[in-house]
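Numbering (this note's numbering), first residue to last: 122 to 238.
See below for the structure under consideration.
Encoded structure:
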């Protein structure tokens, strides 16, 4: 089961990289105003959701500690990200602040994961 947990963690990190990478690719477009929510953001957020929930389940099945408060906060932040990218995924252009908010929320989620002990 440890291998499954580690694989899920790798996939979760790939999801974070996809989401944040999608935001970073839009940075140059912010100057021209041609900002959009790209597929990397959508798929990254969905990957994070699925693998994050699976990680919690695997940790609980192995009787490892899970900080439920931390997980609820991380889930709430991720749901805000997912709602934002999902509702804007088909729009040709979005406000630069929308993509900026997705980036800030993603960094906040990373900070919560790393710094909350």
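A virtual CB, placed ideally from N, CA and C, is assigned to each residue, including glycine.
ask   = Counting only runs that start and end within the segment 150-203, where is the alpha helix (DSSP H) found for 4 or more residues in a row?
value = 150-153 and 160-182
ask   = Excluding five sequence neighbours on each side, which residues of the same chain lie with their C-beta closer than 8 Å to the C-beta of residue 161?
value = Counting from one through the chain shown, the residue named residue 161 turns up at place 40. For residue 161, where only same-chain residues beyond five positions count, the Cβ hits under 8 Å are 139, 140, 142, 143 and 146.
task = Just tell me which of 236, 163, 237 and 129 has its CA closest to the CA of residue 175.
result = Here residue 175 refers to the residue found at position 54 of the chain shown. Ranked by how close their Cα comes to the Cα of residue 175, the residues 236, 163, 237 and 129 have 129 in first place.
query = With residue 198 and residue 226 assumed to form a contact (beta carbons below 8 Å), what rounded beta-carbon distance in angstroms separates them?
reply = For this step, residue 198 is matched to residue 77 along the chain shown. For this step, residue 226 is matched to residue 105 along the chain shown. Sure, about 6 Å apart at Cβ, within 8 Å.
message = Need the endpoints of the alpha helix (DSSP H) that residue 126 sits in, please.
response = Reading the chain shown from its first residue, position 5 is the one you call residue 126. Looking at the DSSP string, the run of the alpha helix (DSSP H) that includes residue 126 is 123-146.
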